[in-house]
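Number of protein chains: 4
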Amino acid sequence: MTETNPPAAATLLRQFHAVRQHSLALAAPLSAEDQGIQSMPDASPVKWHLAHATWFFETVLLMRQMDGYAPFDPAYQYLFNSYYEALGPRHPRPQRGLISRPSAQDVQAYRRYVDAAVERLLALAGPDELAAVAPVLALGLHHEQQHQELMLTDILHAFSCNPLLPAYRPAAAGPAPAAQAAPLRWLRQPGGTVDIGHRDNGFCFDNELPRHSVLLEPYEIADRLVTCGEYAAFIADGGYRRPGLWLSDGWAAIQAQALRAPIYWLDAADPRAGSNDGNDGGWHVFGLHGLAPLDAAAPVVNLSFFEAAAYAEWAGARLPTEAEWEAASDAEGIRQLTGHVWQWTRSSYDPYPGFRPLPGVAAEYNGKFMVGQLVLRGGSFATPAGHARPSYRNFFPPAARWQFSGVRLARDL
Amino acid sequence: MTETNPPAAATLLRQFHAVRQHSLALAAPLSAEDQGIQSMPDASPVKWHLAHATWFFETVLLMRQMDGYAPFDPAYQYLFNSYYEALGPRHPRPQRGLISRPSAQDVQAYRRYVDAAVERLLALAGPDELAAVAPVLALGLHHEQQHQELMLTDILHAFSCNPLLPAYRPAAAGPAPAAQAAPLRWLRQPGGTVDIGHRDNGFCFDNELPRHSVLLEPYEIADRLVTCGEYAAFIADGGYRRPGLWLSDGWAAIQAQALRAPIYWLDAADPRAGSNDGNDGGWHVFGLHGLAPLDAAAPVVNLSFFEAAAYAEWAGARLPTEAEWEAASDAEGIRQLTGHVWQWTRSSYDPYPGFRPLPGVAAEYNGKFMVGQLVLRGGSFATPAGHARPSYRNFFPPAARWQFSGVRLARDL
Amino acid sequence: MTETNPPAAATLLRQFHAVRQHSLALAAPLSAEDQGIQSMPDASPVKWHLAHATWFFETVLLMRQMDGYAPFDPAYQYLFNSYYEALGPRHPRPQRGLISRPSAQDVQAYRRYVDAAVERLLALAGPDELAAVAPVLALGLHHEQQHQELMLTDILHAFSCNPLLPAYRPAAAGPAPAAQAAPLRWLRQPGGTVDIGHRDNGFCFDNELPRHSVLLEPYEIADRLVTCGEYAAFIADGGYRRPGLWLSDGWAAIQAQALRAPIYWLDAADPRAGSNDGNDGGWHVFGLHGLAPLDAAAPVVNLSFFEAAAYAEWAGARLPTEAEWEAASDAEGIRQLTGHVWQWTRSSYDPYPGFRPLPGVAAEYNGKFMVGQLVLRGGSFATPAGHARPSYRNFFPPAARWQFSGVRLARDL
Amino acid sequence: MTETNPPAAATLLRQFHAVRQHSLALAAPLSAEDQGIQSMPDASPVKWHLAHATWFFETVLLMRQMDGYAPFDPAYQYLFNSYYEALGPRHPRPQRGLISRPSAQDVQAYRRYVDAAVERLLALAGPDELAAVAPVLALGLHHEQQHQELMLTDILHAFSCNPLLPAYRPAAAGPAPAAQAAPLRWLRQPGGTVDIGHRDNGFCFDNELPRHSVLLEPYEIADRLVTCGEYAAFIADGGYRRPGLWLSDGWAAIQAQALRAPIYWLDAADPRAGSNDGNDGGWHVFGLHGLAPLDAAAPVVNLSFFEAAAYAEWAGARLPTEAEWEAASDAEGIRQLTGHVWQWTRSSYDPYPGFRPLPGVAAEYNGKFMVGQLVLRGGSFATPAGHARPSYRNFFPPAARWQFSGVRLARDL
């Protein structure tokens, strides 16, 4: 959270442009119609993400730190507030998909308007102002990066509800996937007193602080992620039919919804899956590149915590705690820490000892969600470069299936 | 339903073009994003209406009566089937708003493709084929006209969920509304044996047949519709707080949803309503022209049957039965029969004695909905010219509030 | 509704005692625990029925027509009001099963207290008072009789939720059921102008009036009810899997609840059904006598309107309208009019022309339910003797399955 | 969980009788009707608790460790299984209140039957058998004690749904409550490495193990519980109207249900509360002794975790973690550790490092609930003597309001 020696205005501006531009690039493959749809209350339209990230800069930065700033449209304060009670009433979350107006074009204009204001603010700021602006700007950029990942998780869910199963973008040509993943290796970790939490003076969220010591028993952690092939074996072995493998709420959820596989897996009998390619169980998997035969060597993704924990139980292992995960993040031989899928941990999302929320309106950023959720660590292929850290605490409810979330195993010694 | 001496191909083609073109004209004020939104399961996106009406021609006419017709896209059979069980599975109704693809442009192309095929079919048809085609074509056109009205009711509901309250189209400049409606006059009707149901050989739906006799007591019917000013007086007199005025299910509905006025009425305290113009109660009403102060002389619209019946009770009157309505439709002095708002009757939507559904797939058109709904008669400003008839039976569930439905009173002698 | 020459006090008292005693006799096989349970919001505990029927006499008769009457317990006004808005707030219907206090014994005491007061009222009444009391007393007795039938329908539903499937009372020893019903005969009815509605000066409910003329086409009506064996044939022929047989709402209901048979039918695979007796399809049926193999010759019972209408469609027939039913009620050869099962008609429960609700608090008795329900005619084995009439209009929503409701067929000529 | 040197059969028998007898004593003030009611899916009828605790002995002890034991009634295996998937299907939890049969008397007979069998088992057991039986018997007794507390929480909730607000038992005559609690004192705790978890060889549940070390920062903990008077001040200060005090899910819950006070608090405007006694805010509180004016000095009870955490935030403090609570349990000056109300902690109910569930069917006892719940520590006035320990981990979902749960504050140094 602390940034000593704030970077020069030019550096800030370069970072700002890069992040803002990346959001547009992510939206580029999508039509205005695509950008408007919302497939469930937990997800948001891409257009809404584009506007909300902009609203954050307008509300938290420009309206508070730029003299004479005139909001683009007062109605946007209501439309694009996500959950900040201190910032007034807001459009109901489940109805974000009904906002055909402002249009996608209007939202682009909103982005340009706010971008120009931020540029002016940075251009005119003296060193003291820059020191005040820099941390808010950094928060806004990391905030937008979080929504960049959500733009992809949410459009994937929306497209999965379309019987045409559209691809967000075609797969790049490239070598065929590996037939099989390398064997999983267990990395022995000594435990003892370890320090976790954000360690240096770069950016972090409030929930990563204070850095503090915890005591760990010795343990082992897997060098790599669980693969689709391994998960298919779990299914084939009756994984979704054996209550003893599941937490009680997880079993209730899969019974109530008659779940038999991860959310985007289509079995051989599904008419959308086309011909059976003879892979493990005949599964096809829907993803941002569209529908493809299951890639047995790829990390399994889009699991709920319940599914992750049941798999671990079946595998005779368990999920790591978040402290174990963080302590092992520089272990020799560990792979796939980030850039593939988020990794569910066996840690509830509780405050660190001595936790203090950010001051001001950003106090609602993290702390008020610290109940009923589980921590994920690492980062996914959709996490923007430079966004995550080993101390980064992502969190979702245990039933959430639409995130890019998978499994790394751990076990007691 | 029967058309003796089918019109020449040229006549059919002219009718076809006129109706098809009108749908496009209705969609013209709407962006592709507007056309995609669905605000509740009972409503559909405009784009879906445009495609579904086309699907009807494709499925019921072209695929059955045109040799060698190749469907535009087989997936559309699934996407744009509304409720025809005999025509296979279909996309879930509550998820019609998620279909960002096919795009609005794709749907336009679909329309052109089907239009061209219908043109070819008519151009090449001999007299016998024409005789076979004509009734199906007529059904398809009346079907599309029904969806033309729904395009407007549904987009109005969708826009009402947008805090910006967009106008579908600006109000035409014109004379100010009348300050007050003419006094209501009661028209005395003799009752006795009257014939109701479709009478000639022009088009009608199956539910208007057979024409048959009913016995009516003498009654009186209002010469005009109930106005917004009259309805505002009902509200001001505690209409929504007096259970004795309401049917039991109606009272339960207004309690459960805390209703205090018609669906699109905003009271003076509503921040969206702007300044209070000092009209009856300070009401503003949202409609296709956007938000406007209540027009006291205009027919009240967007009422549920429950609201209509409660108003009638309060007014010391009742709703007419559908037979009374139809029998009075040529009474001297009667006004506003059609072209303003649909008129709820006190008749449940039951089959006429001897009712037979249409043959073939169109059997599902009307008959299977004959339970739990109430009949509306007349026609609204949104009903396409030439679509309705005095024998026309519109129907909706009693709680439906988003249709262009209002009240004509009747009373016993 | 009108009773000229009111019977002497002694006659009224005898009727009162008989009806009141019958309620106790119906409750006698049930423990206090049995009498307290409520298995769904539409049903009520037996204890509640016993108290509510008493509350009706207390509130509508004693508190209004007996000087100095002191209510048994003021709280009972709240606890045992069913739906009379004019009589103040009331205990929520879905929570009637939580009222362990007052106990079943308290309710017995309540009954005795009110009985004694009614006795005093009758003993002391002069002719004018008697004339005023008599119609209210009659209404109260017919009201209690309605609840007598509901006591049985409701306890049967409650017991059906108990995996032990308790019998309300053992079946009387008797001859084995007939192997097969007599062949159904069609009785030809001339139609024309017929009068329906209550005809004499005996008691009737307000919804049976005014007697009025209707015009009927000629039709045929079945001489007897549809049997369980016939209904089993409908199931065996795919009745629950063919959407074309069902009204739209009916098909939606059986899909949503995965229905495959009437509510109390257990198929051969049900572990509660015990051994398969080789009857039609191996069905067992749960009833007041407990579980028994399907009796093929017995009238089918506990059908919804949707099931009744689908059966009729399958049988190439239809349900009679209520006017047809009433007109045929004195047809030669007609059987099983009452005393077996209520018979769904194809008539929505609409007001008769000129309908006027009862004056006073009883205005809420019938009229406010006149939407969304279907009329049943006849009477069941559970209808108290002397309660029903050919003009009697019973009514329930189309999805209601727990009433003693079955089918008599009709067809056009 | 481990019991070295199992006590003699006579000791076991004495313990067994004492616990079993206590359940009957708790049920004694309740009629059979009272014992049958279930006011929400989370609660169970008293009769069900009495039977389920007995089923546990039958299933886990007698059917596994007593040769030739014949179950009392095979149907009870289905009826009284709570959540043990490994033990077969079970009666749906929300329908436990419909089981009028078996009767309360039948359940008493079931208890006697099982008691007699346990007595025989103990009488005939040799030392080896006794060693095998003792831990299962101990588990069964602690299990029954848990249900003893639930009998009281559940009947209180059920009675709160009865407009008569019955008292479970009258308050004992005694001195008037203290007008005010002693001032809260903060006890400074050093933190550092502390050991938590069960420490000796007496009974404990699997979730209290393994005992392990944790690192704590220095902190302060309140010497006593938060009182009703303090909580009333929180309400008076807008506690239920200020979103900034609440966790996000908590705020959503109080908005959705329009909560303004603890579940059993009635404000001065509530007609059930009778006259206003002029206490803090005019509150009345419903409890096992019926309705009484708020006792300002008494510990506040029946709070959800959300309410507890919002109060702590308002008070400028926080809830202790479970490790802090346990470490402070022998702190000098600490009061009201147990015997008053359970104390919500700021710890999610996660497994201890190295946690292993009990073997066999009891594996489902605790571990499968370790997600989405919060830990409570201490024990309430309703916790049977000898049941709880400082290492005892009670747990409930954060929205649960019907437990005897309150608040002890902590704060950072």
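Chains as they are written, first to last, in this note's numbering: chain A, 1 to 413; chain B, 1 to 413; chain C, 1 to 413; chain D, 1 to 413.
Note that the Cβ used here is the ideal one computed from N, Cα and C, for glycine as well.
Residues near residue i in its chain [Cβ-Cβ closer than 8 Å; skip 5 each side]
i: glutamine 65 of chain D; result: Leu121, Glu129, Ala132, Val133, Val136
i: arginine 96 of chain C; result: Gln38, Ser44, Pro45, Trp48
i: alanine 323 of chain C; result: Val194, Ile196, Val214, Leu216, Ser347
C-beta contact flag for residue i and residue j at 8 Å
i: valine 361 of chain B; j: tyrosine 84 of chain B; result: yes
i: aspartate 412 of chain B; j: glycine 354 of chain C; result: yes
i: glycine 250 of chain B; j: tyrosine 311 of chain B; result: no
i: leucine 424 of chain B; j: leucine 294 of chain B; result: Residue 424 of chain B lies beyond the range of chain B shown here (1 to 413); nothing can be said about it.
i: isoleucine 196 of chain C; j: proline 320 of chain C; result: no
i: histidine 22 of chain B; j: proline 243 of chain B; result: no
i: glutamine 418 of chain C; j: proline 218 of chain C; result: Nothing can be reported for residue 418 of chain C, as the shown portion of chain C is limited to 1 through 413.
i: tryptophan 283 of chain A; j: leucine 266 of chain A; result: yes
i: arginine 14 of chain C; j: cysteine 204 of chain C; result: no
i: arginine 101 of chain B; j: leucine 225 of chain B; result: no
i: alanine 181 of chain D; j: alanine 315 of chain D; result: no
Backbone CA spacing between residue i and residue j [nearest angstrom]
i: tyrosine 110 of chain C; j: alanine 410 of chain D; result: 55 Å
i: alanine 261 of chain B; j: alanine 158 of chain B; result: 19 Å
i: tryptophan 344 of chain C; j: alanine 400 of chain C; result: 11 Å
i: threonine 2 of chain B; j: asparagine 201 of chain B; result: Residue placement at threonine 2 of chain B is poorly supported in this model, since its pLDDT is 45, which falls under 50; the coordinates still yield a value, given next. Cα to Cα, threonine 2 of chain B sits roughly 6 Å from asparagine 201 of chain B.
i: glycine 68 of chain A; j: glutamine 257 of chain A; result: 53 Å
i: glycine 406 of chain B; j: alanine 308 of chain B; result: 7 Å
i: glycine 290 of chain C; j: proline 163 of chain C; result: 12 Å
i: proline 7 of chain B; j: methionine 40 of chain C; result: 59 Å
i: serine 160 of chain D; j: tyrosine 78 of chain B; result: 52 Å
i: leucine 50 of chain D; j: leucine 141 of chain D; result: 12 Å
i: glycine 367 of chain C; j: threonine 227 of chain B; result: 26 Å
i: histidine 340 of chain B; j: proline 74 of chain C; result: 52 Å
i: valine 370 of chain B; j: tyrosine 392 of chain B; result: In the sequence under discussion, the amino acid at residue 370 of chain B is methionine, which differs from the valine named in the question. Answer to the nearest angstrom: the Cα atoms are 15 Å apart.
i: isoleucine 334 of chain B; j: alanine 176 of chain B; result: 24 Å
Contact set for residue i: own chain, Cβ-Cβ below 6 Å, skip 5 residues either direction
i: proline 398 of chain B; result: Phe305, Phe306, Leu374
i: asparagine 394 of chain C; result: Trp342, Leu376
i: histidine 143 of chain B; result: Phe56
Span of the alpha helix (DSSP H) around residue i
i: valine 46 of chain C; result: 46-56
i: phenylalanine 203 of chain A; result: No alpha helix (DSSP H) contains phenylalanine 203 of chain A, which DSSP labels as neither H nor E.
i: glycine 250 of chain A; result: 248-256
Enclosing beta strand (DSSP E) for residue i [first to last residue]
i: tryptophan 342 of chain D; result: 342-348
i: tyrosine 219 of chain C; result: 219-222
Proximal residues to residue i (C-beta, below 7 Å), its chain only, five neighbours per side dropped
i: threonine 193 of chain D; result: Ser213, Leu215
i: alanine 86 of chain C; result: Val361, Glu364
Open item on the list: At a CB distance below 8 Å, what residues from the stretch 72-101 of chain D approach chain G? Give them in sequence order.
Closed with: The structure shown contains no chain G; its protein chains are A, B, C and D.
Open item on the list: Would you call the stretch 265-272 of chain A in contact with the stretch 101-118 of chain D, where contact means no fewer than 3 C-beta pairs closer than 8 Å?
Closed with: no
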